[in-house]
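*Asks:*
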Amino acid sequence: MIGLANGAREANIAVIGGETAIMKDVINGFDLAAMSVGIVEKSKIIRGEEIATGDLVIGLPSSGVHSNGLTLARKVLFKEGLDKQVAKELLTPTRIYSRQIHGILVKGVEVHGLAHVTGGAYSKLRRLGKLAGKGFHLDNLFKPQKVFREIQERGNISDLEMYRTFNMGTGFLIIAPEESQREILGEIRGSKVVGKVVEEKSVTVEVDSKRIEVDRW
Numbered sequence: 001m002i003g004l005a006n007g008a009r010e011a012n013i014a015v016i017g018g019e020t021a022i023m024k025d026v027i028n029g030f031d032l033a034a035m036s037v038g039i040v041e042k043s044k045i046i047r048g049e050e051i052a053t054g055d056l057v058i059g060l061p062s063s064g065v066h067s068n069g070l071t072l073a074r075k076v077l078f079k080e081g082l083d084k085q086v087a088k089e090l091l092t093p094t095r096i097y098s099r100q101i102h103g104i105l106v107k108g109v110e111v112h113g114l115a116h117v118t119g120g121a122y123s124k125l126r127r128l129g130k131l132a133g134k135g136f137h138l139d140n141l142f143k144p145q146k147v148f149r150e151i152q153e154r155g156n157i158s159d160l161e162m163y164r165t166f167n168m169g170t171g172f173l174i175i176a177p178e179e180s181q182r183e184i185l186g187e188i189r190g191s192k193v194v195g196k197v198v199e200e201k202s203v204t205v206e207v208d209s210k211r212i213e214v215d216r217w
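Just so we're aligned: the sequence shown equals residues 1 to 217 in the numbering used here.
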């Protein structure tokens, strides 16, 4: 419950109810499930139709693996002895970005698209790209944390699968016109430009002089 409360504070939301059910004959161990509901004016929904060639992709750093890719991470890392530091990184809470994103939106900063790098990782940009008829080239992503290198080396996993499964150090992406760059970088500490919108209908990642095509449509 402490973790739930901390997450709610970070996201600036209220926990308005709950139930404790004791079902020892059904559930072995402890299970906590939660859901959230929000309201947004229809005119303020950011779908991605306004994304244009030349728009910047601004990234926010992740805190680690977050809540996606853990199945593969456990399968790979638990085969043999697990380094304590890596184990600690797996337990690092997922970074919540709602307060930072809300902060720029209420100030009227022009934003064309938003993408949380969760399940499917960078292939999630496909939805925005298809809607706008554009693509994304990411050549300045944040450096992946140690845990990602451990997963890749122990599991002999390709770069392509890593960038289709894990956030690899970048947890959230904002697509905005160049004119919004200064306001966004000034408002969200630790953010930086990680790429740009291009005409080619694909998602490509450039890392260590290697070009990885994550998706194409």
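We put the CB at the ideal spot given by N, CA and C, even for glycine.
Measuring straight from C-alpha to C-alpha, what distance separates Ile13 and Val203?
*Replies:* For the purposes of this step, residue 13 is taken as the residue at position 13 of the sequence shown. For the purposes of this step, residue 203 is taken as the residue at position 203 of the sequence shown. Those two C-alpha atoms are separated by around 33 Å.
*Asks:* Go ahead and pull the three-state DSSP assignment for Asp159.
*Replies:* By one-based count along the sequence shown, residue 159 stands at place 159. Residue state, collapsed to three classes: helix.
*Asks:* Between the C-alpha atoms of Met35 and Ile16, what's the straight-line distance to the nearest angstrom?
*Replies:* Working through the sequence shown from its first residue, we reach residue 35 at position 35. Working through the sequence shown from its first residue, we reach residue 16 at position 16. When rounded, the distance between both Cα atoms is 11 Å.
*Asks:* Can you tell me the Cα-Cα spacing of Leu141 and Asp25, whole angstroms?
*Replies:* Your numbering for residue 141 matches position 141 in the sequence shown. Your numbering for residue 25 matches position 25 in the sequence shown. Cα to Cα, the separation comes out at about 47 Å.
*Asks:* Could you tell me the distance, in whole angstroms, from the CA atom of Ile2 to the CA atom of Asp31?
*Replies:* If you number the sequence shown from 1, residue 2 lands on position 2. If you number the sequence shown from 1, residue 31 lands on position 31. Those two C-alpha atoms are separated by around 14 Å.
*Asks:* Let me confirm a value: Ile188 is counted as buried when at least 16 other C-beta atoms fall within 10 Å, else exposed. Which label applies?
*Replies:* Numbered from its first residue, the sequence shown carries residue 188 at position 188. Ile188 should be labelled buried.
*Asks:* Can you list, in chain order, the residues of its chain with a C-beta nearer than 6 Å to that of Pro61? Leave out the 5 residues immediately preceding and following it.
*Replies:* The sequence position of residue 61 within the sequence shown is 61, counting from 1. Result list for Pro61: Phe142 and Gly190, in chain order.
*Asks:* Output needed for Lys210: all residues of its chain with C-beta closer than 7 Å, excluding positions within five of it in sequence on either side, in chain order.
*Replies:* Locating residue 210 in the sequence shown gives position 210, where the first residue counts as 1. Contacts found: Asp159.
*Asks:* Can you give me the Cβ contacts of Glu50 inside the same chain, cut-off strictly under 6 Å, excluding the 5 residues immediately before and after it?
*Replies:* Indexing the sequence shown from 1 puts residue 50 at position 50. Closer than 6 Å at Cβ, skipping near neighbours: His112.
*Asks:* Quick one, are the C-beta atoms of Thr71 and Val117 less than 9 Å apart?
*Replies:* Translated into positions along the sequence shown, residue 71 becomes position 71. Translated into positions along the sequence shown, residue 117 becomes position 117. Against a cut-off of 9 Å, the Cβ pair of Val117 and Thr71 comes out as no contact.
*Asks:* By a C-beta neighbour count over all protein chains shown, 10 Å radius and 16 as the cutoff for buried, is Gly119 buried or exposed?
*Replies:* For this step, residue 119 is matched to residue 119 along the sequence shown. Per the 10 Å Cβ criterion, exposed.
*Asks:* Could you name the residues that DSSP lists as bridge partners for Pro61?
*Replies:* Along the sequence shown, one-based indexing puts residue 61 at 61. BP columns for Pro61 point to Thr170.
*Asks:* Is it buried or exposed for Ser67, if we count other Cβ within 10 angstroms and need 16 for buried?
*Replies:* Position 67 of the sequence shown, counted from the start, is the residue given in the question as residue 67. Exposed: under 16 other Cβ atoms inside 10 Å.
*Asks:* Could you check what DSSP says for Ala14 in three-state terms: helix, strand or coil?
*Replies:* On the sequence shown, position 14 is the one that residue 14 refers to. Coil at Ala14, not helix or strand.
*Asks:* Can you tell me the Cα-Cα spacing of Met23 and Gly29, whole angstroms?
*Replies:* Here residue 23 refers to the residue found at position 23 when the sequence shown is read from its first residue. Here residue 29 refers to the residue found at position 29 when the sequence shown is read from its first residue. Roughly 10 Å between the two C-alpha positions.
*Asks:* Just verifying my parser: in three-state terms, what is the DSSP assignment at Arg126?
*Replies:* As a working mapping, residue 126 is identified with position 126 in the sequence shown. When DSSP states are grouped into helix, strand and coil, Arg126 belongs to the helix group.
*Asks:* Which residues mark the beginning and the end of the beta strand (DSSP E) in which Arg211 is found?
*Replies:* As a position in the sequence shown, residue 211 is number 211, starting the count at 1. Its beta strand (DSSP E) spans residues Lys210 to Arg216.
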